[in-house]
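Residue numbers (my numbering): 41 to 102. Ideal Cβ placement from N, Cα and C applies to all residues, glycine included. Here the structure comes first, spelled out in structure tokens, and everything after it is commentary.
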């Protein structure tokens, strides 16, 4: 015979585990998206820096 308290306790544990797994998955996805945003911003900064260097070099040659 199953004790209803044990079933409720087991259910609560399983719900808690699901919640933690979802939270970890969301956190991982958020971190991945933030990494992608940072990489894009870094790429833009590097392109802007390269353009500034090219402009400075061109100005020095004139």
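Coil, strand or helix - residue i by DSSP
i, result
"residue 102", "coil"
"residue 41", "Only weak support exists for where residue 41 lies, its pLDDT of 42 falling under 50; the value from the coordinates is given anyway. Note: residue 41 maps to coil in three-state DSSP."
Cut-off 8 Å between Cβ atoms - residues of its own chain near residue i, not counting five sequence neighbours on either side
i, result
"residue 84", "none"
"residue 49", "none"
Same chain only: Cβ atoms within 6 Å of residue i, ignoring 5 sequence neighbours per side
i, result
"residue 70", "none"
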